[in-house]
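First up is the structure itself, then whatever we jot down about it.
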Amino acid sequence: MKKPVAAAVVHLDGKILITRRAPGEKLAGMWEFPGGKLEHEETPQDCITRELREELGVESVAGEILTSTTYTYPGGTIELIAIMVKLQSTQFTLQVHDLFEWVQPQELLQYGLAPADIPIAEEIIRKYG
């Protein structure tokens, strides 16, 4: 069974937000679009708003779904749902990440992205690149 996971695609001033998983976290050292697992009866938009509050300490407005992808990690299969998001602030308080970067869309694949995030990066490049 696929676990639904929401990922934030934040496009601001021509750049895309990515975050790096901190040491000790799952996928430590890998870059990703911030987000997390949907809780019971939560929509992807509700999930991403909650996750950005928890992980980055910012309020946000979730918009349309950009794309979704399925990936199987050793611990199970996820459906990663990429959601366009507008942030209320860019003053982050990192919880499960140790770095964040604003990158040009065409530079996304130069970072060590988590495998499930790569198809989303490719879609971002097609849309904004």
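Residue numbers for the sequence shown follow full-length UniProt numbering, beginning at 1 and rising by one. The C-beta atom is built at its ideal place from N, Cα and C for all residues, glycine as well. Computed from a prediction, not measured in an experiment: that's the story for all the values here.
Within 10 Å of its beta-carbon, does residue i have 16 or more other beta-carbons around it, so buried, or fewer, so exposed?
i: Arg21; result: buried
i: Ala6; result: buried
i: Ala114; result: buried
Compare the Cα-Cα distances from residue i to each of the options and report the closest residue.
i: Pro23; options: Ile125, Leu99, Glu39, Ile120; result: Leu99
i: Leu120; options: Glu51, Lys3, Val10, Lys2; result: Here residue 120 turns out to be Ile, not Leu, going by the sequence shown. Nearest C-alpha to Ile120: Val10.
i: Pro44; options: Val61, Trp31, Leu56; result: Val61
i: Gln91; options: Arg53, Asp117, Leu113, Gln106; result: Arg53
i: Ala116; options: Asp13, Lys127, Gly57, Pro34; result: Pro34
For my contact list, residue i and residue j are in at a C-beta cut-off of 8 Å; report their separation, rounded to the angstrom.
i: Ile124; j: Ala8; result: No, Ile124 and Ala8 are not in contact; Cβ-Cβ is about 12 Å, not under 8 Å.
i: Glu59; j: Gly36; result: Contact flag wrong, Cβ pair sits at about 16 Å.
i: Ile18; j: Tyr111; result: 6 Å
i: Cys47; j: Glu39; result: 7 Å
i: Val103; j: Lys26; result: About 22 Å; that fails the 8 Å criterion.
Express the C-alpha separation of residue j and residue i in angstroms, rounding to a whole number.
i: Glu79; j: Thr70; result: 4 Å
i: Lys2; j: Leu12; result: 31 Å
Exercise for review: Check whether the segment 59 to 79 touches the segment 93 to 108, taking contact to mean three or more Cβ pairs, one atom from each stretch, closer than 8 Å.
Suggested key: no
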